[in-house]
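A.B. asks: Which chain is which? The protein sequence lines are A and B, in order.
For reference, each letter of the first sequence is one residue, going 1 to 91 in our numbering.
For reference, each letter of the second sequence is one residue, going 1001 to 1193 in our numbering.
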Amino acid sequence: MRPELERLALIESQLLHGPAALPAADWHLHQLLDGELHADTVAQQHLYAGLQMAGRRQLRRELAAIHAQLYAARPGGWVRKLYQFLGWLRG
Amino acid sequence: MVPSPQLPTFSPAALLREDLLANRERALTQLYRQAFPVVRRYVGNHGGTPHDAQDVFHDALVLLYEQAVAGTLVLTASASTYLVGISRNLWHHEQRRRARLPQDALPDDPSQLAAEPSAPAESGFTVLEYVERLGEKCRNILLSFYYFQQPLTDIAATHGYRTVRSATVQKFKCLERLRQSVRAAVTPEAIHY
Chain A
1 MRPELERLAL IESQLLHGPA ALPAADWHLH QLLDGELHAD TVAQQHLYAG
51 LQMAGRRQLR RELAAIHAQL YAARPGGWVR KLYQFLGWLR G
Chain B
1001 MVPSPQLPTF SPAALLREDL LANRERALTQ LYRQAFPVVR RYVGNHGGTP
1051 HDAQDVFHDA LVLLYEQAVA GTLVLTASAS TYLVGISRNL WHHEQRRRAR
1101 LPQDALPDDP SQLAAEPSAP AESGFTVLEY VERLGEKCRN ILLSFYYFQQ
1151 PLTDIAATHG YRTVRSATVQ KFKCLERLRQ SVRAAVTPEA IHY
């Protein structure tokens, strides 16, 4: 991966406690040696928080679609089928 | 005698997690069918509207989903019973919140509304907006991985990547794109959600 992407992966590993996460002392040392690391980490945390909110919004949209699919009044829906069935029973 | 192989045993919460990750729409629809009628009846019998019932039920499902995929869900009853329980608690909480609030009916004079200042969020920047502005592929990959917790193997298959490695690289490219658009727009201190 490009160095920029490797950097994202490094920060992600630390923030999401991935298998490549460094011990706290090592991470602190990284931050001392790399003046922009702290700011980049904070920025990446903001991205994850935004993705979390976007994901919730997406899930709510999916739930609204499921609700509409299950409960929206449709012509030719179960009520009509019930009347058809009752009519069939009456002969 | 050869010992029989140990079959893996899954807890109900682990099985639910598997179902949600394998086919989210199907699993959620099944939960919806089982639990929503009970919630709608409960909320209706306790002073709420069908819309209130839908709101609390969606909140409960979001909570359940997040707990299930994170592996923090503990089920001592069926998932639908759990959903009904959460929904009841959320509805009680909402009723208490409404009771605490002063009258929130619309004013008789609509011009009073126009005189109120507009919401400050409208002019503010949000990361959320930039997620929405990403291309569909990047948005899907990022949300699938970071929110819906889909395994990268599934994401690779869905988006036609031959290896998990390729999907991983694409995921970071998408994250970089999001970061760049956010960075171009605002300093981190000014970010709102």
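Virtual Cβ for every residue (Gly too), placed ideally from N, Cα, C.
Note that the structure is a prediction, hence the values are computed from the model and not measured.
Determine the DSSP secondary structure at M1001 (chain B), reduced to helix, strand or coil.
C.D. replies: By one-based count along the second sequence, residue 1001 (chain B) stands at place 1. Note that M1001 (chain B) has pLDDT 44, beneath the 50 cutoff, so the model's placement of it is unreliable and no number is given.
A.B. asks: Determine the direct distance from the alpha carbon of L1178 (chain B) to that of L47 (chain A), and round the result to whole angstroms.
C.D. replies: Your numbering for residue 47 (chain A) matches position 47 in the first sequence. Your numbering for residue 1178 (chain B) matches position 178 in the second sequence. Each residue's alpha carbon lies about 8 Å from the other.
A.B. asks: Excluding five sequence neighbours on each side, which residues of the same chain lie with their C-beta closer than 8 Å to the C-beta of Q14 (chain A)?
C.D. replies: In the first sequence, counting from the first residue as 1, residue 14 (chain A) sits at position 14. Answer for Q14 (chain A): A21, L22, W27, T41, listed in chain order.
A.B. asks: Give a yes or no on whether the minimum CB-CB distance between E1018 (chain B) and chain A is below 9 Å.
C.D. replies: Translated into the one-based positions of the second sequence, residue 1018 (chain B) becomes position 18. In terms of beta-carbon proximity, E1018 (chain B) stays away from the interface with chain A, with every pair separated by 9 Å or more.
A.B. asks: Name the chain B residues whose beta carbon is nearer than 7 Å to that of A72 (chain A)?
C.D. replies: Here the question's residue 72 (chain A) lines up with position 72 in the first sequence. Here the premise fails: no neighbours, minimum Cβ distance about 12 Å.
A.B. asks: If the cut-off is 9 Å on Cβ atoms, which residues from the stretch 59-70 of chain A count as contacting chain B, listed in chain order?
C.D. replies: L59, R60, E62, L63, A64, A65, I66, H67, Q69, L70
A.B. asks: Could you tell me whether any Cβ in chain B is nearer than 9 Å to the Cβ of Q14 (chain A)?
C.D. replies: Reading the first sequence from its first residue, position 14 is the one you call residue 14 (chain A). For Q14 (chain A), not one C-beta of chain B is nearer than 9 Å to its own C-beta.
A.B. asks: Starting from N1140 (chain B), follow the alpha helix (DSSP H) in both directions and report where the run begins and ends.
C.D. replies: On the second sequence, residue 1140 (chain B) is found 140 positions in, with the first residue counted as 1. Element bounds for N1140 (chain B): 1136-1142.
A.B. asks: Given that G55 (chain A) touches chain B, what residues does it touch there, using C-beta distances under 8 Å?
C.D. replies: As a working note, residue 55 (chain A) is residue 55 in the first sequence. Within 8 Å Cβ-Cβ: L1143, Y1146, Y1147, F1148.
A.B. asks: Using DSSP with H/G/I as helix, E/B as strand and the rest coil, what is Q58 (chain A)?
C.D. replies: What you label residue 58 (chain A) is simply residue 58 of the first sequence in a count that begins at 1. Q58 (chain A) falls in the helix class under three-state DSSP.
A.B. asks: Are L1021 (chain B) and P1151 (chain B) closer than 9 Å when you measure CB to CB?
C.D. replies: The residue you call residue 1021 (chain B) lines up with position 21 of the second sequence. The residue you call residue 1151 (chain B) lines up with position 151 of the second sequence. Yes, the Cβ-Cβ distance between L1021 (chain B) and P1151 (chain B) is below 9 Å.
A.B. asks: First and last residue of the alpha helix (DSSP H) that includes R1026 (chain B)?
C.D. replies: The count along the second sequence starts at 1 and reaches residue 1026 (chain B) at position 26. 1024-1045 is the extent of the alpha helix (DSSP H) around R1026 (chain B).
A.B. asks: So for Y1161 (chain B), helix, strand or coil by DSSP?
C.D. replies: Working through the second sequence from its first residue, we reach residue 1161 (chain B) at position 161. Here Y1161 (chain B) sits in coil by DSSP.
A.B. asks: Determine whether the Cβ of Y1042 (chain B) lies closer than 9 Å to any Cβ atom of chain A.
C.D. replies: Against the second sequence, residue 1042 (chain B) aligns to sequence position 42. Not an interface residue.
A.B. asks: Could you give the DSSP three-state label for G87 (chain A): helix, strand or coil?
C.D. replies: One-based indexing of the first sequence puts residue 87 (chain A) at position 87. Helix at G87 (chain A).
A.B. asks: I want to see whether chain A comes within less than 9 Å of Q1054 (chain B), judged by CB atoms only; does it?
C.D. replies: Counted from its first residue, the second sequence places residue 1054 (chain B) at position 54. Yes, its Cβ sits closer than 9 Å to a Cβ of chain A.
A.B. asks: Assuming Q1095 (chain B) contacts G1160 (chain B) under a Cβ cut-off of 8 Å, what Cβ separation, rounded to an integer in Å, is found between them?
C.D. replies: For this step, residue 1095 (chain B) is matched to residue 95 along the second sequence. For this step, residue 1160 (chain B) is matched to residue 160 along the second sequence. No, Q1095 (chain B) and G1160 (chain B) are not in contact; Cβ-Cβ is about 49 Å, not under 8 Å.
A.B. asks: Buried or exposed: which applies to F1172 (chain B), given that a residue is buried once 16 or more other Cβ atoms fall within 10 Å of its Cβ?
C.D. replies: Along the second sequence, read from residue 1 onward, the residue named residue 1172 (chain B) stands at position 172. The residue in question, F1172 (chain B), is buried, as its Cβ has 16 or more Cβ neighbours within 10 Å.
A.B. asks: Thinking just about the alpha-carbon of each residue, which of A:I11, A:A72, A:L16 is nearest to the one in L37 (chain A)?
C.D. replies: Indexing the first sequence from 1 puts residue 37 (chain A) at position 37. Ranking the options by Cα distance to L37 (chain A), first place goes to A:I11.
A.B. asks: Cβ of V1038 (chain B) within 9 Å of Cβ of S1080 (chain B)?
C.D. replies: On the second sequence, position 38 is the one that residue 1038 (chain B) refers to. On the second sequence, position 80 is the one that residue 1080 (chain B) refers to. Against a cut-off of 9 Å, the Cβ pair of S1080 (chain B) and V1038 (chain B) comes out as a contact.
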